[in-house]
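Visitor:
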Amino acid sequence: MGEIVTVTLNAALDVTYEVEALVPNATHRVAAVHRRAGGKGVNVARVLATLGAEVVATGLAGGSTGAEITTDLATAGVPARFAPVAGDSRRTVTVVADGDATIFNEPGPAVAPGEWHEFRALFLELCRDARVVVLSGSLPPGVAPGAYAELVADARALGVRVLLDADGEALGLGVAAGPDIVKPNAAELERAAGPGPAEEAASRLLGAGAAAVVVSRGADGLLAVTPGGSWSARPSRRLPRNPTGSRDAAAAALARALLRPGPADWPAVLADAVALSAAAVLSPVAGTVDLAAYHALSQET
Ligand SMILES: O=P(O)(O)OC[C@@]1(O)O[C@H](CO)[C@@H](O)[C@@H]1O
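Take 1 as the starting number for the sequence shown in full-length UniProt numbering and just add one per residue.
Listed below in C-alpha cells is the structure:
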C-alpha cells in the first residue's frame, strides 16, 4: 500500500491559535484558528504526501476526535489506515505568538490490550508492502513503554528500515531493538543518553543499538552521528513563525533517504532535511510545507 508507513500511536487533532502575544494569566483574543489531523507521524505522512512519496499513515484513533482526524486526512488526500480505539483521541493546542510556539499536549485515550494487538496485526500487514517505517511521538496511556521496541523488531524481521522519534523509556527500549535512525532533540538525547556534548551522547545511543543518530538542534540545525563519522548542517538564516512541525518535516526527509539503498550521503541528506524543516517553520500549522519555499531554501543550504 505505501512504501513508507508512518505510525502515530497517539494521534491528535491539532488546534493552532495565532495570537499577537502570549501573556501568562491574561485573556487572549485569537486572531486565527486552525484544526488539523496531527501527532508527529501524521505530520510526517502529510509532508511526504506533499512531496509525492507513496506513504500511508497508521496508528490508533477513536471517538469523535478520531473521526475528525481520519476525515481530515481523507480530505487532504493522505492515505491512512488507523486501528480503532474505544476512547476519544486527544487534542493538542499550539499557541503561536511572536514567531514561536507554546504547546499543550493532552495525554490521549486509554488503550486496551486487545486494541493494541489489533493495531499490531495491522502494522504487520502494512509492513509487508513497505520499505521504511517511521515511529513517532508519545505513547497513549495503556500502551507499554516497550511498544516501539516491539514495532522496531517486527519491521526489522520483515526487512523494513526504521526511523524512531520518541522520548524517555520508549526511546531507550526502542534503541535497543536496533532502528536504522533515531532522531531525538537535545533534551530527549540527554534524557536517553545522559548529559555531555551531543556527539558523545549520540555515540552512546549507537553503542546501545541505533545504526545512526540524528539530533535536532532547533535553529542550530541537525547533527548526524554514525559509526562512519559525524556531520552537521544548519539553516542559512533564522525563520520565525511556527516551529512546531519542523522536526517532523526533517523526519520526512530522513525517511525518504532511508528508501535509498546503500550508505547515506549524509551531507546531502542533512542539507535536504534542514531545507524541508525550514520550509515547515514558515507554515502556520504543523505538517505543512510550501514546496516553493522548500526548493528556494534548498538552494541556500
Ligand atoms: O505528544 P507528542 O506525540 O510527542 O507530540 C504531539 C505534537 O505536539 O507533536 C507535533 C509536532 O511535532 C504536533 O503536531 C503534535 O500534535
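We put the CB at the ideal spot given by N, CA and C, even for glycine.
#1: Which whole-angstrom value is the C-beta distance of Val19 and Val33, which I expect to be below 8 Å?
#2: The beta strand (DSSP E) with His295 in it runs from where to where?
#3: Which value, in whole angstroms, describes the spacing of the CA atoms of Asp272 and Ala212?
#4: What are the complete beta strand (DSSP E) segments, minimum 3 residues, inside the region 14-50?
#5: Taking 8 Å as the cut-off, decide whether the C-beta atoms of Val132 and Val160 are in contact.
#6: Hey, how far is the Cα of Leu258 from the Cα of Asp248?
#7: Would you check whether ligand 1 has a heavy atom nearer than 7 Å to the C-beta of Asn185?
#8: Looking at the unbroken alpha helix (DSSP H) that takes in Leu84, where does it start and where does it end?
#9: Below 7 Å, is the gap between the Cβ of Gly137 and the nearest heavy atom of ligand 1?
#10: Could you check what DSSP says for Arg217 in three-state terms: helix, strand or coil?
#11: Check Leu158 in the structure and name its three-state DSSP category.
#12: Pop quiz: residue 305 and Val152 are said to be a contact at Cβ under 8 Å. What is the actual Cβ separation, rounded to whole angstroms?
#13: Here's the rule I'm using: 16 or more other beta-carbon atoms within 10 Å means buried, otherwise exposed. How should Ala121 be labelled?
#14: So is the beta-carbon of Arg247 under 7 Å away from any non-hydrogen atom of ligand 1?
#15: Since I believe Leu9 is in contact with Gly59 (beta carbons under 8 Å), could you give me their beta-carbon distance rounded to a whole number of angstroms?
#16: Within the continuous beta strand (DSSP E) that includes Thr102, where are the two ends?
#17: Assign Gly62 to one of two classes, buried (16 or more other C-beta atoms within 10 Å of its C-beta) or exposed (fewer than that).
#18: From which residue to which residue does the alpha helix (DSSP H) around Gly62 run?
#19: Sorted by chain position, which residues of the same chain lie with C-beta nearer than 6 Å to Gly174's C-beta, five sequence neighbours on each side aside?
#20: Using the Cβ count rule (16 or more neighbours within 10 Å means buried), how would you classify Pro243?
#21: I'd like to know if the region 227-242 and the region 283-297 are in contact, where contact means that at least 3 CB-CB pairs between them fall below 8 Å.
#22: DSSP three-state call for Gly2: helix, strand or coil?
#23: Alpha carbon to alpha carbon, how far is Ala293 from Lys219? Give it in angstroms, no decimals.
#24: Assuming Val175 is part of the alpha helix (DSSP H), what are its boundary residues?
#25: Mind checking whether Glu199 and Leu223 have CB atoms under 8 Å apart?
#26: Considering only the alpha carbon of each residue, which of Leu189, Glu190, Ser230, Val96 lies closest to His28?
#27: Bridge partners of Ala97, per DSSP?
#28: Is it true that the region 95-109 meets the region 50-58, where meeting means three or more beta-carbon pairs spaced less than 8 Å apart?
Guide: For this structure:
#1: Within the sequence shown, the letter at position 19 stands for residue 19. Within the sequence shown, the letter at position 33 stands for residue 33. The pair is not a contact, with the Cβ atoms about 10 Å apart (cut-off 8 Å).
#2: Numbered from 1 along the sequence shown, position 295 holds the residue referred to as residue 295. Not the beta strand (DSSP E): His295 falls in the alpha helix (DSSP H), residues 291-300.
#3: Against the sequence shown, residue 272 aligns to sequence position 272. Against the sequence shown, residue 212 aligns to sequence position 212. So the two alpha carbons sit approximately 17 Å from each other.
#4: List check, beta strand (DSSP E) in window: 32-38.
#5: Sequence index remark: in the sequence shown, residue 132 carries index 132 (1-based). Sequence index remark: in the sequence shown, residue 160 carries index 160 (1-based). By the CB criterion at 8 Å, Val132 and Val160 fall inside the cutoff.
#6: Sequence index remark: in the sequence shown, residue 258 carries index 258 (1-based). Sequence index remark: in the sequence shown, residue 248 carries index 248 (1-based). Spanning the alpha carbons of Leu258 and Asp248 requires a straight line of approximately 15 Å.
#7: On the sequence shown, position 185 is the one that residue 185 refers to. Asn185 Cβ: outside cutoff for every heavy atom of ligand 1.
#8: Translated into positions along the sequence shown, residue 84 becomes position 84. Note that residue 84 is Pro in the sequence shown, not Leu. Counting along the chain, Pro84 sits inside no alpha helix (DSSP H); it lies in the beta strand (DSSP E) bounded by residues 80-85.
#9: As a working note, residue 137 is residue 137 in the sequence shown. Gly137: yes, Cβ under 7 Å from ligand 1.
#10: Counting from one through the sequence shown, the residue named residue 217 turns up at place 217. Three-state DSSP puts Arg217 in coil, outside helix and strand.
#11: Counted from its first residue, the sequence shown places residue 158 at position 158. In the structure shown, Leu158 sits in coil (DSSP, three-state: anything other than H, G, I, E or B).
#12: Here the chain has residues from 1 to 301 only, and residue 305 is not among them.
#13: Here residue 121 refers to the residue found at position 121 when the sequence shown is read from its first residue. Its Cβ having fewer than 16 others within 10 Å, Ala121 is exposed.
#14: Against the sequence shown, residue 247 aligns to sequence position 247. Yes, since a heavy atom of ligand 1 falls inside the 7 Å radius drawn around the Cβ of Arg247.
#15: Position 59 of the sequence shown, counted from the start, is the residue given in the question as residue 59. Position 9 of the sequence shown, counted from the start, is the residue given in the question as residue 9. Right, the Cβ-Cβ distance comes to about 5 Å (below 8 Å), so this counts as a contact.
#16: Counting from 1 along the sequence shown, the entry for residue 102 is found at position 102. Segment 100-105, the beta strand (DSSP E) holding Thr102.
#17: To locate residue 62, count along the sequence shown from 1; it is residue 62. By the 16-neighbour rule on beta-carbons within 10 angstroms, Gly62 is buried.
#18: Translated into the one-based positions of the sequence shown, residue 62 becomes position 62. Where Gly62 is concerned, there is no enclosing alpha helix (DSSP H), although the beta strand (DSSP E) it sits in stretches over 55-62.
#19: For the purposes of this step, residue 174 is taken as the residue at position 174 of the sequence shown. Around Gly174: Tyr148, Ala149, Val152, Leu164, Ala166.
#20: Counted from its first residue, the sequence shown places residue 243 at position 243. Note on Pro243: 16 or more other CB atoms within 10 angstroms of its CB, so buried under the neighbour-count rule.
#21: By the Cβ rule, the region 227-242 counts as touching the region 283-297, because three or more pairs are nearer than 8 Å.
#22: Position 2 of the sequence shown, counted from the start, is the residue given in the question as residue 2. Correct three-state label for Gly2: coil.
#23: As a position in the sequence shown, residue 219 is number 219, starting the count at 1. As a position in the sequence shown, residue 293 is number 293, starting the count at 1. In the sequence on display, residue 219 carries Ala and not Lys. Roughly 17 Å between the two C-alpha positions.
#24: The residue labelled residue 175 in the question sits at position 175 within the sequence shown. Segment 168-176, the alpha helix (DSSP H) holding Val175.
#25: Locating residue 199 in the sequence shown gives position 199, where the first residue counts as 1. Locating residue 223 in the sequence shown gives position 223, where the first residue counts as 1. Note that the C-beta distance between Glu199 and Leu223 is below 8 Å.
#26: Here residue 28 refers to the residue found at position 28 of the sequence shown. Just measuring C-alpha positions, the residue of Leu189, Glu190, Ser230, Val96 sitting nearest His28 is Val96.
#27: To locate residue 97, count along the sequence shown from 1; it is residue 97. Paired residue(s): Asp100.
#28: When Cβ pairs closer than 8 Å are counted between the two stretches, the region 95-109 is seen not to touch the region 50-58, the count staying below three.
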